[in-house]
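S.K.: Residue numbers (full-length UniProt numbering): 1 to 338. For glycine and all other residues, C-beta sits at the position ideal for the given N, C-alpha and C. Have a look at the structure that comes next, please.
Structural data, given as structure tokens:
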């Protein structure tokens, strides 16, 4: 979770809370950020707002503050607090309509937040999703280790907007240059190789990919875990054992690569070589199961370039929201539930 805060020393304005698709351990600049958060209940939202207010005021900061959180087993932890502007400021300013730099500048010059027209506390959530997707330049940096971790490796970012999170993420990934869905030139496969500690989590992804009719190819240990689910999988030799994996990529039957075994020094060079060849062939590589699962969900949602369109964010920001209705069981009357 990531929060941008504006503090005047007495009160705070929180334009938005962002949720990262990738879990902690991947640099926030390389993570896909979703606003508003799609997996956050009201109780945790209130806790984040309250904690952000207390932290910003305790620091005595006047202006912008960026806070990164971790949620583990329903507990909220602080990763870091930065008394400065973050790279998310233009993103959140655009999607909320709050000119954060202007407001923060006025606050630093002595203006109270309450009198600037944007209120205090958590800013109202708009009726759409906005997804910030990182852009990488690995095709120009072929020898760089592209495995995502605590060091930032992205060189830019794009913004996707949609009525649903899946639509916004589809637009974001497509704008970042990724082909979402089965490749038009006939590839229909996914090559998977995960570290031992990820084997328990491969279950969900393998089922999703199988339901989407992707052929699965995997290294020995990963293939065994997938086969136990009753899913057909082709076992591929490890990169150090033979050129089988490279031949598979060059065969033209692979859409995506999911590889999470590169954190060990012994396999780092293997991944760099694999990723370099994948780049040459135009095959996206994922080193996070979270990103791969999100991609599978987007493909299942059936969003594509024919059923999505460009939107005017200014129109979306002012669009009226439809209200939910709840029926009162005792009287049979309908009441508006806000």
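Look at the Cβ atom of residue 137, then the Cβ atom of residue 158, and state whether they are nearer than 8 Å.
M.R.: no
S.K.: To which residues of the same chain is residue 211 closer than 8 Å at the C-beta, ignoring the five residues directly before and after it?
M.R.: 300
S.K.: What residue from 296, 221, 229 has the CA that sits closest to residue 235's CA?
M.R.: 221
S.K.: With DSSP as the reference, label residue 121 as helix, strand or coil.
M.R.: strand
S.K.: Decide if residue 171 is buried, meaning its Cβ has at least 16 other Cβ atoms within 10 Å, or exposed.
M.R.: buried
S.K.: Taking the Cβ atom as the reference point for each residue, do residue 168 and residue 160 lie within a distance shorter than 8 Å?
M.R.: Yes, the pair counts as a contact, with Cβ atoms nearer than the cut-off.
S.K.: In angstroms, rounded to a whole number, what distance separates the CA positions of residue 51 and residue 81?
M.R.: Going from the Cα of residue 51 to the Cα of residue 81 covers about 11 Å.
S.K.: Please classify residue 293: does DSSP put it in a helix, a strand, or coil?
M.R.: In this structure, residue 293 counts as helix in the three-state DSSP scheme.
S.K.: For chain D, is any of its Cβ atoms less than 8 Å away from the one on residue 147?
M.R.: Structure shown: chain D not included; a single protein chain is present.
S.K.: Could you give the distance in angstroms between the alpha-carbon of residue 254 and the alpha-carbon of residue 201?
M.R.: Computed Cα separation, rounded: 21 Å.
S.K.: Taking DSSP as the reference, what is the three-state secondary structure of residue 278?
M.R.: In the structure shown, residue 278 sits in a helix (DSSP, three-state: H, G or I).
S.K.: Pick from 163, 129, 3, 305: whose alpha carbon is nearest that of residue 366?
M.R.: No answer is possible for residue 366: it lies beyond the span of the chain, which begins at 1 and ends at 338.
S.K.: Taking residue 156 as the reference, give the member of 48, 282, 135 with the closest Cα.
M.R.: 135
S.K.: Give the straight-line distance between the Cα atoms of residue 205 and residue 194, rounded to the nearest whole angstrom.
M.R.: Distance from the CA atom of residue 205 to the CA atom of residue 194, rounded to whole angstroms, is 12 Å.
S.K.: Terminal residues of the continuous alpha helix (DSSP H) containing residue 204?
M.R.: 202-211
S.K.: Distance check for residue 7 and residue 108, CA to CA, integer angstroms please.
M.R.: Computed Cα separation, rounded: 9 Å.
S.K.: Is it buried or exposed for residue 100, if we count other Cβ within 10 angstroms and need 16 for buried?
M.R.: buried
S.K.: Just reading off the alpha helix (DSSP H) that residue 91 is part of, what are its end residues?
M.R.: 89-96
S.K.: Considering residue 130, what are the terminal residues of the beta strand (DSSP E) in which it resides?
M.R.: 129-135
S.K.: For residue 19 and residue 288, what's the separation of their Cα atoms in angstroms?
M.R.: 16 Å
S.K.: What residues in its chain sit with their C-beta under 7 Å from that of residue 333, if we drop five residues either side in the sequence?
M.R.: With a pLDDT of 47 at residue 333, under the threshold of 50, the modelled position of that residue is not reliable, and the figure given next carries that caveat. The beta carbon of residue 333 is closer than 7 Å to none in its chain, skipping five residues each way along the sequence.
S.K.: Can you grab the Cα-Cα spacing for the pair residue 11 / residue 57, in whole Å?
M.R.: 7 Å
S.K.: Given this structure, state the Cα-to-Cα distance separating residue 239 from residue 97, to the nearest angstrom.
M.R.: 49 Å
S.K.: To the nearest angstrom, how far is the alpha carbon of residue 63 from that of residue 31?
M.R.: 25 Å
S.K.: My assumption, with CB atoms under 8 Å, is that residue 129 sits in contact with residue 181. Please give the rounded CB distance.
M.R.: So it is not a contact: roughly 20 Å between Cβ atoms.
S.K.: Would you mind reading off the limits of the alpha helix (DSSP H) that contains residue 358?
M.R.: No answer is possible for residue 358: the residues shown for the chain start at 1 and end at 338.
S.K.: According to DSSP, residue 286 sits in a beta bridge with which residue or residues?
M.R.: 258
S.K.: Among the candidates 281, 48, 198, 94, whose CA atom is the shortest distance from the CA of residue 292?
M.R.: 198
S.K.: Taking residue 179 as the reference, which of 281, 53, 76 has the closest Cα?
M.R.: Checked all of 281, 53, 76; the closest Cα to residue 179 is 281.
S.K.: For a test of the three-state rule: what should DSSP assign to residue 221, helix, strand or coil?
M.R.: helix
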